[in-house]
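There are 2 protein chains.
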Amino acid sequence: MNTDKEKTLHGRILGDLERRILSGEWPPGYRLPFEVDLAIQYGCSRMTANKVLTQLARAGLIERRKKSGSFVAQPVAQSAVLEIHDIETEVRSLNLSYGYRLETRNRRMATRQDCTLMELADGSAVLECVAVHLAGGRPFCLEYRLINLATVPEAESEDFSLIAPGAFLISRVPWNAAEHRIQAVTAAADVATKLEIARHSACLVIERRTWGAGGPVTFVRFTYPGDRHALVARFQPGG
Amino acid sequence: MNTDKEKTLHGRILGDLERRILSGEWPPGYRLPFEVDLAIQYGCSRMTANKVLTQLARAGLIERRKKSGSFVAQPVAQSAVLEIHDIETEVRSLNLSYGYRLETRNRRMATRQDCTLMELADGSAVLECVAVHLAGGRPFCLEYRLINLATVPEAESEDFSLIAPGAFLISRVPWNAAEHRIQAVTAAADVATKLEIARHSACLVIERRTWGAGGPVTFVRFTYPGDRHALVARFQPGG
DNA sequence: ATGGCGATAATGTATATACATGTTTTTGCC
DNA sequence: GGCAAAAACATGTATATACATTATCGCCAT
Chain D
1 MNTDKEKTLH
11 GRILGDLERR
21 ILSGEWPPGY
31 RLPFEVDLAI
41 QYGCSRMTAN
51 KVLTQLARAG
61 LIERRKKSGS
71 FVAQPVAQSA
81 VLEIHDIETE
91 VRSLNLSYGY
101 RLETRNRRMA
111 TRQDCTLMEL
121 ADGSAVLECV
131 AVHLAGGRPF
141 CLEYRLINLA
151 TVPEAESEDF
161 SLIAPGAFLI
171 SRVPWNAAEH
181 RIQAVTAAAD
191 VATKLEIARH
201 SACLVIERRT
211 WGAGGPVTFV
221 RFTYPGDRHA
231 LVARFQPGG
Chain H
1 MNTDKEKTLH
11 GRILGDLERR
21 ILSGEWPPGY
31 RLPFEVDLAI
41 QYGCSRMTAN
51 KVLTQLARAG
61 LIERRKKSGS
71 FVAQPVAQSA
81 VLEIHDIETE
91 VRSLNLSYGY
101 RLETRNRRMA
111 TRQDCTLMEL
121 ADGSAVLECV
131 AVHLAGGRPF
141 CLEYRLINLA
151 TVPEAESEDF
161 SLIAPGAFLI
171 SRVPWNAAEH
181 RIQAVTAAAD
191 VATKLEIARH
201 SACLVIERRT
211 WGAGGPVTFV
221 RFTYPGDRHA
231 LVARFQPGG
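Heads up: the protein sequence lines correspond to chains D and H, in order.
So the first sequence is residues 1 to 239, counted in UniProt numbering.
So the second sequence is residues 1 to 239, counted in UniProt numbering.
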């Protein structure tokens, strides 16, 4: 059921303890055996037991306290790991042909609004792109993109008529932080036209801001027709 | 910037390598020093270097190949860890008063639709609840809940007039897998009435299915007014 | 050339050991 | 009895060592 890494000694012990915790046999608050006792029970060294307990603690399944021992953690927020894919990959995984159409590309100075969106300094130059991603010949998603030319100057010499900004950026610009914002909105007139949907339809909007070592990199807003797209995320405590 | 665990030796080394990778100094594909060389450079033992590289590999920042060495991984999908909180916690963190109103509570046999939603066996008994969560006295979110009475029989003796099903379940039922689905929809008439919003407004819908050791546990659909709620997730590669 | 085969090199796992760190419990003094 | 010093204890970190596993390279015979 797990990542079947129960090939190794500490893998087997880990799986064993995980099973007891997730099944409820060891409920939240239960104090599990000390490292030395685990080592004796499983006939291994303390270092091996330590490795297992350290991994359980990193996964958030247990909490460790010096002198007191290790305790099964209280289940906290239901977190989920949400994978936000490259759009071309996403479309192709639906077995549809992928298409891309650039609508506008515009180099300009950052407006006040841009600065708010991206945490830009006043007077920065940005590249603004609007593009439509197509699946099976029909509009799949609308992309509104801002690129900070101060941190990504090489974007200026790219016309984005064939390659999408996302694909360009991901392969060229290292990033170290991102923030996602997911919302439902009603389609404005221009959005509805570009996506070929009825006005006031519900749309799923995913906004992402990305930062690199040199500051803000890009802002992007993806707008999906609400009835045709869902984000799905699976989650298992302890990976 | 990190979890500032640069107190220990392997913590410092880890931070150092992370910085080089995230800054782009070591680009994707770059082969980093072998364990023994790292150990020499940092004046530590190979076990310590191994611990660091193992953690980097678990975080997905590097890929390790026997005999070849360790390489900076290609950035893949932009994944984000989305924390889906308890609603009461969420409301209170907005500095609003929290309220809860149960609308309906109904014990019945599972319909065909229920079975599809929850992967139930035919003929299972379920508890169906509809409730409204309030923030600052106004509707914040509509909850539609199904509980599988086969795996959570104790739910039958709970009337849920004061305690919300989510709060009840999280503290009592261990679970080991969950699936989230996030979508945008237009509000149907009954939803609009309960949430006191205009018909056909855009709403953000979060559905969650949860499984435990004994099979399906619960299905829940949260419907949020689209203009009043957004999911926000931050992400930093490597933790 | 080429196909196999063994040497080599790097990671993977496990152990024994040592000392550090931070809590709790016990001891011992006033 | 009260309180501070000391011991006991469990985890945290680090090292040295050993052997297993596996991919790669070069050599040699065909």
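Think of the CB as a built atom: it goes at the ideal place given N, C-alpha and C, for glycine as much as any other residue.
If you compare alpha carbons, which of the options is closest to residue i?
{"i": "residue 97 of chain D", "options": "D/182, D/89, D/103", "result": "D/89"}
{"i": "residue 16 of chain H", "options": "H/28, H/49, H/29, H/139", "result": "H/49"}
{"i": "residue 131 of chain H", "options": "H/236, H/143, H/110, H/45", "result": "H/143"}
{"i": "residue 52 of chain H", "options": "H/11, H/84, H/237", "result": "H/11"}
{"i": "residue 138 of chain D", "options": "D/119, D/107, D/91, D/159", "result": "D/91"}
{"i": "residue 182 of chain D", "options": "H/189, H/233, H/40, H/162", "result": "H/233"}
{"i": "residue 105 of chain D", "options": "D/179, D/163, D/213", "result": "D/163"}
{"i": "residue 180 of chain D", "options": "H/230, H/9, H/223", "result": "H/230"}
{"i": "residue 228 of chain H", "options": "H/195, H/212, H/235", "result": "H/195"}
{"i": "residue 95 of chain D", "options": "D/121, D/134, D/18, D/79", "result": "D/134"}
{"i": "residue 190 of chain D", "options": "D/19, D/37, D/80, D/223", "result": "D/223"}
{"i": "residue 140 of chain H", "options": "H/167, H/100, H/153, H/118", "result": "H/100"}
{"i": "residue 241 of chain D", "options": "D/27, D/119, D/47", "result": "Nothing about residue 241 of chain D can be read from this structure; chain D reaches only from 1 to 239."}
Between residue i and the rest of its own chain, which residues show a CB-CB distance below 6 Å, the 5 nearest in sequence each way excluded?
{"i": "residue 201 of chain D", "result": "187"}
{"i": "residue 67 of chain H", "result": "none"}
{"i": "residue 3 of chain D", "result": "Reliability fails at residue 3 of chain D, whose pLDDT of 49 lies under 50, so the model's placement of it is uncertain and the value that follows must be treated cautiously. Within the same chain, residue 3 of chain D has no close Cβ partners at all."}
{"i": "residue 42 of chain H", "result": "13"}
{"i": "residue 70 of chain D", "result": "32, 53, 62, 64"}
{"i": "residue 102 of chain D", "result": "131, 160, 161"}
{"i": "residue 207 of chain D", "result": "181, 221"}
{"i": "residue 1 of chain D", "result": "At residue 1 of chain D the pLDDT is 47, less than 50, meaning the model places this residue with poor confidence; the figure from the coordinates comes in the next sentence. Result list for residue 1 of chain D: empty, nothing under 6 Å."}
{"i": "residue 84 of chain D", "result": "none"}
{"i": "residue 26 of chain D", "result": "20, 72"}
{"i": "residue 6 of chain H", "result": "12, 15"}
Going along the chain, which residues of its own chain have a beta-carbon closer than 8 Å to the beta-carbon of residue i, five neighbours each way excluded?
{"i": "residue 109 of chain H", "result": "123, 124, 125, 126"}
{"i": "residue 170 of chain H", "result": "86"}
{"i": "residue 45 of chain H", "result": "39"}
{"i": "residue 29 of chain D", "result": "71, 72, 74"}
{"i": "residue 168 of chain D", "result": "155, 158, 160"}
{"i": "residue 36 of chain D", "result": "46, 49"}
Could you tell me how far apart the beta carbons of residue i and residue j are, in whole angstroms, since I believe they sit closer than 8 Å?
{"i": "residue 184 of chain H", "j": "residue 136 of chain H", "result": "Not really, about 24 Å apart at Cβ, beyond 8 Å."}
{"i": "residue 240 of chain H", "j": "residue 158 of chain H", "result": "Because chain H spans 1 through 239 in this model, residue 240 of chain H falls outside it and cannot be assessed."}
{"i": "residue 235 of chain D", "j": "residue 80 of chain D", "result": "4 Å"}
{"i": "residue 213 of chain H", "j": "residue 23 of chain D", "result": "4 Å"}
Between residue i and the rest of its own chain, which residues show a CB-CB distance below 7 Å, the 5 nearest in sequence each way excluded?
{"i": "residue 197 of chain H", "result": "187, 225"}
{"i": "residue 210 of chain D", "result": "175, 178, 217, 218"}
{"i": "residue 82 of chain H", "result": "231, 233"}
{"i": "residue 9 of chain D", "result": "44, 48"}
{"i": "residue 263 of chain D", "result": "There is no way to answer for residue 263 of chain D, as the model of chain D reaches only from 1 to 239."}
{"i": "residue 120 of chain D", "result": "110, 114, 148, 216"}
{"i": "residue 165 of chain H", "result": "129, 145, 147"}
{"i": "residue 199 of chain H", "result": "187, 189, 192"}
{"i": "residue 55 of chain D", "result": "14"}
inquiry  = If the cut-off is 9 Å on Cβ atoms, which residues from the stretch 172–200 of chain H count as contacting chain D, listed in chain order?
reply    = 173, 174, 175, 176, 177, 178, 179, 180, 181, 182, 183, 184, 185, 186, 187, 200
message = Tell me which residues of the stretch 106–128 of chain H have at least one Cβ-Cβ distance to chain D shorter than 8 Å, keeping chain order.
response = none
message = For the pair the stretch 120–132 of chain H and the stretch 145–164 of chain H, tell me if three or more CB-CB distances fall below 8 Å.
response = yes
Positions along the stretch 216–235 of chain D whose CB lies within less than 9 Å of some CB in chain H = 224, 225, 226, 227, 229, 230, 231, 232, 233, 234, 235
query = Taking any Cβ of chain H, which residues in the stretch 22–37 of chain D have a Cβ under 7 Å from it, in chain order?
reply = 22, 23, 24
ask   = Should the stretch 163–181 of chain D be called in touch with the stretch 210–228 of chain D, which here means at least 3 C-beta pairs below 8 Å?
value = yes
message = Which residues of the stretch 69–84 of chain H have a Cβ closer than 8 Å to any Cβ of chain D? Give them in chain order.
response = 75, 77, 78, 79, 80, 81, 82, 83, 84
ask   = Do three or more CB pairs link the stretch 104–115 of chain D to the stretch 71–84 of chain D at distances below 8 Å?
value = no
query = the stretch 149–165 of chain H: which residues have C-beta closer than 8 Å to a C-beta of chain D, in chain order?
reply = none
task = Using a Cβ-Cβ cut-off of less than 9 Å, list which residues of the stretch 200–213 of chain H approach chain D; keep chain order.
result = 200, 201, 202, 203, 204, 205, 207, 208, 210, 212, 213
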